[in-house]
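Student:
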Amino acid sequence: MIKINKLTSALLLFSIAVTSCNDYLDKLPDDRAIIDSKTKVSKLITSAYPTVSTILVSEISSDNVTDNGKKYSTLPQVDEMYRFKTVTASDNDCPRNLWNGYYKAVATANEALQAINDMGNTDDLKAQRGEALLCRAFCMFQMSTVFCMAYDSLKADQYLGLPYPLEPEQSVNTHYERGTLAELYKHINADIEEALPLIDDAAYDIPKYHFNTKAAYAFAARFNLYYQNWDKVIEYATKALGGSPIDCLRQREPYNTAAGVDDYFNMYIQSSQPCNFLMGPAYSIAARVLDGGYLRYAHNMTVLSYDTYWAYSPWNPSTATSGSSLLWSAHSLYGNNNIVREPKLEEIFEYTDKVNGIGYVHIVDVLFTGDETILCRAEAYAHKKEYTKALADMNTWAEANLEKSYGSTTRKSFTESSVNAFMNSIKYAAVHPASEFERSIKKTLHPQGFTVEAGTQENLIQLILYMRRVTNMLQGLRFMDLKRYGIEYEHYIEDEDPLTFTAGDLRGAIQLPADVIAAGLQANPRTTDDLSGNGAEHMTGQNPDLNKPNTSKMYNERVY
C-alpha cells in the first residue's frame with residue numbers, strides 16, 4: 001500500500017475541480033487572493049495542474065477493451081462510453097467532470113500569468129511564467145484529445161476547437177466561441193513555444209510534479225506528433241532524452257522481483273525513476289474500473305492474446321502465451337480470463353471520514369515517460385523516411401523493454417529487412433474478426449491529414465504503433481493513435497450488432513457536457529444513427545457511492 005502521507009504530499013501540489021465550466025467562464029470570483037510575490041505565484045501555479053484524468057474515457061473508447069458479456073456489471077457512464085453515446089452522468093471521469101477540472105486549472109494558470117504581468121514580468125519570474133503557460137497549454141491539449149477530432153491539416157479549419165481563455169475574466173458577459181481545431185492547436189503551440197526556454201528545474205522542490213525540462217520537452221514532442229510537425233517532434237524529443245536515451249527508459253529487470261501488485265505499482269510510480277518525467281495525481285475511478293472492479297468491459301484474455309502483450313510479434317513467436325515472449329511486461333500481468341492488467345494504474349483511497357468509510361478515490365498517472373518519448377521520435381523519423389534513425393530508436397526501446405532471451409526466443413536487432421519480412425508475413429487484422437485467426441497487430445491505416453507509403457514506411461509505423469500500444473496501456477494514449485491513423489475497430493456487444501468505429505468517425509470527439517451546450521457552445525456533430533438513444537437501456541449496474549473504498553473483488557493473481 002502507498003503510505004497516505006506520501007499521497008497527501010503529492011496531492012497538496014494540486015487542487016480538485018469542483019465547479020462547472022460556467023463558474024469559470026461566466027462568473028467573476030469576488031474573493032481573489034492578492035498574488036504579489038514570487039512565492040505566492042509559485043504556490044498558485046501548483047493549482048494550475050489538473051486533478052482530473054482522461055484515462056477512463058480514452059481507454060474505454062479504444063480497442064484495448066471488449067465486452068465480457070451481460071452477466072457482468074459496469075457503471076452507467078462506462079456503458080455509455082463504450083457504446084460511443086453521450087455520457088449523461090457527472091461523476092469522476094465523465095466529460096462534465098473533465099471539462100470543469102481542466103477549465104478550473106486554465107483559470108488558475110491565467111490568474112498566475114496576470115499576477116506575473118502585474119509584478120512587471122521580471123526575469124526572476126521567467127520560470128513561473130513558463131510553468132503557467134505549459135499548464136494552460138497542457139490542459140487545453142488534454143481537452144482536445146477528448147472533445148475534438150484528431151488534427152488533420154486538410155480539415156482543421158472545419159473541425160471544431162475549444163474556447164481558449166487567455167486572461168482572467170473581467171466581465172460576466174464574456175461570450176465564447178469554440179473556434180476551429182486549427183485555431184486551438186495554434187494557441188497551444190504558441191504557449192508551448194513561449195514556455196520552453198523559460199523552464200528552470202531549479203525553481204522546483206519536487207521537479208517530477210512540475211513541468212521540469214524533460215517533461216516540458218516530452219509534452220512538446222507529443223503535441224507536435226499529433227500536430228504532424230515531424231521536425232519539431234525530433235528536436236524536442238531529443239532534448240527530453242538527452243545524449244543517452246537508454247538512461248531515460250524504464251529498466252524493467254528489477255520489476256521481476258516485485259512481490260505482487262502493490263509492490264509493482266509502487267516501483268512503477270516512483271518519482272526517482274529516471275523514465276518518469278511528470279507525475280499527475282488525479283481524482284479518478286479509472287483504476288477501479290480498469291483493474292477489475294467492473295468486469296463487463298475490460299482488457300480480457302482475448303485482447304491480451306491477439307492484440308496486446310501476448311500477440312504474435314517480432315519478439316513473440318507464439319500467439320496467446322508469454323512462454324517465449326521477450327517483452328518484460330508480458331511476464332508482469334495479473335488477473336484472469338475476464339481482466340488482465342499490468343499493475344501500473346492502481347486505486348489509492350484517501351479517507352476523509354474513516355468512521356463512515358468515505359473519502360476520495362485517486363490515481364497517480366505517469367503523464368510523460370522516456371519510453372513514450374523515444375517512440376514519438378521513432379515515429380517522426382519514420383514519417384521523414386529516415387529509417388536508420390527510426391530503427392535506432394526502436395532498438396533502444398527494445399533494449400529496455402525486451403529481455404535478451406526468454407524461452408526459445410533471443411533478442412535480435414531490428415533492421416529494415418527484418419521488420420519488412422515480419423510485417424509482410426502477417427495479414428491485416430479484420431475490423432470484425434470472426435475468429436482469433438483474423439486478429440493481428442497489423443491494422444489497416446487511414447491516416448488523417450498525412451500519408452503513409454506502402455512498404456518500409458508503413459511496416460515501421462505499424463511496429464511503432466504496436467510498441468506504443470503495449471507501452472502506453474492504461475494511460476489513455478491508444479485512442480488518439482486510433483484517431484490519428486484512422487484505424488477502424490469494433491466494440492463487440494453480446495447479443496447485439498457490434499459497434500464500428502470508422503476512420504474519421506465523428507464520435508472520436510466526445511460530446512460536450514449537456515450544461516455546456518445549453519449555455520450556448522456548439523455541440524460536437526453526430527450522424528443521425530448516433531442520435532438514437534443514449535445507451536441507458538443497456539446499463540448493467542447501478543452507480544454506487546464512488547466516495548467509498550472499492551469493495552469489489554480485485555484480481556491480483558499472476559497470469560502466465
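FYI, the numbering for the sequence shown is 1 to 560, going by UniProt numbering.
Glycine included, every Cβ here is placed at the ideal spot set by N, Cα and C.
(1) Does the region 399-413 touch the region 422-437, meaning 3 or more C-beta pairs lie closer than 8 Å?
(2) Take every Cβ of the region 117-133, pair it with every Cβ of the region 188-204, and state whether three or more of those distances are shorter than 8 Å.
(3) Measure the CB-CB distance between S332 and Y406 and report whether it falls below 8 Å.
(4) May I ask which residues mark the beginning and end of the alpha helix (DSSP H) holding L75?
(5) Under 8 Å: do the region 245-257 and the region 220-229 share three or more Cβ pairs, one atom per stretch?
(6) Compute the distance between the beta-carbons of L367 and M279, then report whether it is under 8 Å.
(7) If you draw a straight line from the alpha carbon of K27 to that of L162, how long is it in whole angstroms?
(8) Please classify E557: does DSSP put it in a helix, a strand, or coil?
(9) Can you tell which of P317, E183, A398 and N68 has its C-alpha closest to the C-alpha of I246?
(10) Whole-angstrom Cβ separation of L134 and I188, contact assumed at under 8 Å?
(11) Going by DSSP, name the residue or residues bridged to N197.
(12) Is the beta carbon of Y164 closer than 8 Å to that of residue 567?
(13) How should G120 be labelled, buried or exposed, when 16 other C-beta atoms within 10 angstroms of its C-beta is the threshold for buried?
(14) In three-state DSSP terms, what is R250?
(15) Only counting the same chain, and skipping five residues up and downstream in sequence, which positions put a Cβ closer than 6 Å to that of S272?
(16) In three-state DSSP terms, what is Y103?
(17) When you compare the region 225-245 with the region 339-347, are there three or more beta-carbon pairs, one atom per stretch, that lie closer than 8 Å?
(18) Which one or two residues does DSSP pair with D67 in a beta bridge?
(19) Let me know the secondary structure DSSP gives Y185 once reduced to three states.
(20) Could you give the distance in angstroms between the alpha-carbon of A132 and the alpha-carbon of G69?
(21) Quick one: using the 10 Å Cβ neighbour count with 16 as the cut-off for buried, is E496 buried or exposed?
(22) For a quick check, are the C-beta atoms of A240 and K214 less than 8 Å apart?
(23) How many Å lie between K389 and L460 at the Cα?
(24) Grouping DSSP H, G and I as helix and E and B as strand, with all else coil, what is Y176?
(25) Ignoring anything shorter than 4 residues, give me the alpha helix (DSSP H) runs that lie fully in the region 340-423, in order along the chain.
(26) Just list the residues that DSSP pairs N276 with in beta bridges.
(27) Can you tell me which residues form a DSSP beta bridge with Y489?
Tutor: The structure says:
(1) Verdict: no, contact absent.
(2) Touching, per the Cβ criterion.
(3) On the sequence shown, position 332 is the one that residue 332 refers to. On the sequence shown, position 406 is the one that residue 406 refers to. No; because the gap between Cβ atoms is not below 8 Å, this pair is not in contact.
(4) Within the sequence shown, residue 75 is the residue found at index 75, counting from 1. Unbroken run through L75: none, as it is neither H nor E.
(5) Not touching, per the Cβ criterion.
(6) Residue mapping note: residue 367 aligns to position 367 of the sequence shown, counting from 1. Residue mapping note: residue 279 aligns to position 279 of the sequence shown, counting from 1. Inclusion of L367 and M279 in the CB contact set at 8 Å is warranted, their separation being smaller than that value.
(7) One-based indexing of the sequence shown puts residue 27 at position 27. One-based indexing of the sequence shown puts residue 162 at position 162. Residue placement at K27 is poorly supported in this model, since its pLDDT is 41, which falls under 50; the coordinates still yield a value, given next. Between the alpha carbons of K27 and L162 lies a gap of roughly 19 Å.
(8) Numbered from its first residue, the sequence shown carries residue 557 at position 557. Three-state DSSP puts E557 in coil, outside helix and strand.
(9) Numbered from its first residue, the sequence shown carries residue 246 at position 246. Nearest option by C-alpha distance: A398.
(10) Here the question's residue 134 lines up with position 134 in the sequence shown. Here the question's residue 188 lines up with position 188 in the sequence shown. Rounded to whole angstroms, the Cβ separation of L134 and I188 is 10 Å, and the two are not in contact under 8 Å.
(11) Sequence index remark: in the sequence shown, residue 197 carries index 197 (1-based). What sits at residue 197 in the sequence shown is Pro, not Asn. Per DSSP, none; premise fails for P197.
(12) Beyond the ends of the chain as shown, which are 1 and 560, falls residue 567; an answer cannot be given.
(13) By 1-based counting over the sequence shown, the position of residue 120 is 120. Under a 10 Å Cβ-count criterion, G120 is classified as exposed, with fewer than 16 other Cβ atoms of the shown protein chains found around its own Cβ.
(14) In the sequence shown, residue 250 corresponds to position 250, counting from 1. Coil, per DSSP.
(15) On the sequence shown, position 272 is the one that residue 272 refers to. Here the set comprises nothing.
(16) Walking along the sequence shown from the start, residue 103 turns up at place 103. The answer is helix: DSSP assigns Y103 an H, G or I state.
(17) Cβ pair count under 8 Å is below three, so no.
(18) By 1-based counting over the sequence shown, the position of residue 67 is 67. DSSP, once it has assigned bridges, lists Y297 as partnering D67.
(19) Position 185 of the sequence shown, counted from the first residue, corresponds to residue 185. Reduced to three states, the DSSP call for Y185 is helix.
(20) Residue numbering aside, residue 132 sits at position 132 when the sequence shown is read from its first letter. Residue numbering aside, residue 69 sits at position 69 when the sequence shown is read from its first letter. Going by C-alpha positions, A132 is about 45 Å away from G69.
(21) As a first step, residue 496 is located in the sequence shown; it is residue number 496 there, counting from the start. E496 comes out exposed.
(22) Translated into positions along the sequence shown, residue 240 becomes position 240. Translated into positions along the sequence shown, residue 214 becomes position 214. Yes. Within cutoff.
(23) Residue 389 sits at position 389 when you count from the first residue of the sequence shown. Residue 460 sits at position 460 when you count from the first residue of the sequence shown. If I take the Cα positions, the gap works out to 11 Å.
(24) Your numbering for residue 176 matches position 176 in the sequence shown. Shown here, Y176 sits in coil according to DSSP, grouped into three states, outside any helix or strand.
(25) Here the runs fully enclosed are 370-383 and 387-401.
(26) Residue 276 sits at position 276 when you count from the first residue of the sequence shown. Looking at the DSSP assignment, N276 forms a beta bridge with T369.
(27) Taking the first residue of the sequence shown as position 1, residue 489 is located at position 489. In the DSSP output, where bridge partners are listed per residue, Y489 has F501.
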